Amino acid sequence: MKKTGLFITFEGIEGCGKTTQMNLLADYLKKEGVSVLKTREPGGTEIGEKIREILLNPDNKKMLKETEMLLYGASRTQHVEEIIKPALKSGKIVLCDRYSDSTLAYQGFGRDMGISFIKRACPLSLGTIQPDLTILLDLDVKTGLSRIKNRIHGNDRIEKEKIAFHNKVRKGYLQLAKASRGRIKIVRADKEIDEVHDEIKNIVAKKFSAHPELVEGLDSR
Ligand code: T5A
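FYI, our numbering numbers position 175 of the sequence shown as 176, with every residue one higher than the one before it.
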């Protein structure tokens, strides 16, 4: 597939502000006349949203880590083919709330499955397309969890995990960023929402100017 759009993912621990920042960037880009598609994982498709319900339901305490990894992968496979690839092909900027780095950080590091095991056992679960840019919102776990503790519908199955699990996930993300400096950009998420947004806008602007070929398909501006 010849890609003409730009695929940007948002990653980080619970409550780091991904959704907030993705929405702000989408609004900003839309005002600039850019054609944007916002989506999320797990989910993003009708089938994926059903898988999401199973994954996040706190009643599913018996779920094996292998089942969990495969379900995230199933949601992603559907999402990539049904939504992401067609949107990129039509020249859109795709903004995605979590993608394959979540599987590596949560299942690979958080669940101790190991990155090489996941890559070997189920490469498809990591998606058949790589993001052009990943914004990693880095925050300490206690602050992140305190931001989401009073959710109206309560916390989901993964949010309810112990602090040690979330610390492993954060550490994992930082290791992934170290290994992919060109793609994964770390942004400190303990600042004011507007400050974080400004930093993200700068990173995205640099990406646009460094890779004009990636945005040459922005024909729907
Ligand atoms: N998962 C996902 C895996 O284990 N493997 C995978 O492969 C994938 C794809 C998804 C869960 O699935 C796991 C990871 C997750 O546990 P989800 O509901 O999508 O579940 O959960 P999250 O992605 O973690 O989303 P959250 O809503 O919990 O966190 P966000 O999106 O990071 O945070 P956001 O923007 O909703 O903000 C949370 C609160 O903080 C405030 C906001 O106003 C909001 O109230 N806030 C700030 N407050 C102070 N200062 C700032 N700078 C702030 N920014 C936001």
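Backbone N, C-alpha and C define an ideal beta-carbon position, used for all residues, glycine too.
A quick note: this is a predicted structure, and the numbers were derived from the prediction, not measured.
- Under the three-state reduction of DSSP, residue 187 is assigned to strand.
- In this structure, residue 78 has its beta carbon at no less than 8 Å from each heavy atom of the ligand T5A.
- For the pair residue 122 and residue 42, the Cα-to-Cα distance works out to about 21 Å.
- The continuous beta strand (DSSP E) containing residue 139 extends over residues 134 to 139.
- Between the segment 82 to 94 and the segment 61 to 71 there are fewer than three C-beta pairs closer than 8 Å, too few to call the two in contact.
- In its chain, beyond the 5 residues on either side, 74, 78 have a beta carbon closer than 7 Å to the beta carbon of residue 125.
- In the DSSP annotation of this structure, residue 105 is not part of any beta strand (DSSP E), being labelled neither H nor E.
- Taken from the Cβ of residue 99, at least one heavy atom of the ligand T5A lies inside 8 Å.
- Note on residue 59: under 16 other CB atoms within 10 angstroms of its CB, so exposed under the neighbour-count rule.
- Placement of the Cβ of residue 17 at a distance of less than 8 Å from at least one heavy atom of the ligand T5A is found.
- Rounded to the nearest angstrom, the Cβ distance from residue 19 to residue 27 is 12 Å, too far for a contact under 8 Å.
- With a cutoff of 8 Å, residue 26 does not count as near the ligand T5A, since its C-beta is closer than that to no heavy atom of the ligand.
- Here residue 65 carries a coil assignment [DSSP, helix/strand/coil].
- In terms of CA proximity to residue 45, 85 leads the group 85, 36, 31.
- For residue 193, the closest C-alpha among the options 22, 13, 8, 15 is that of 22.
- It is roughly 7 Å from the alpha-carbon of residue 158 to the alpha-carbon of residue 56.
- Taking one beta carbon from each stretch, the segment 94 to 104 and the segment 141 to 152 have fewer than 3 pairs nearer than 8 Å; the two do not touch.
- If the five residues before and after residue 50 are omitted, its C-beta is found closer than 7 Å to the C-beta atoms of 44, all from its own chain and listed in chain order.
- For residue 21, the uninterrupted alpha helix (DSSP H) run begins and ends at 19 to 32, by DSSP.
- If you compare the alpha carbons of 211, 210, 187, 114 with that of residue 200, the shortest gap goes to 187.
- Taken in chain order, the complete beta strand (DSSP E) segments of 3 residues or longer contained in the segment 40 to 99 are 94 to 98.
- Annotation for residue 127: no alpha helix (DSSP H) segment contains it, and DSSP assigns it neither H nor E.
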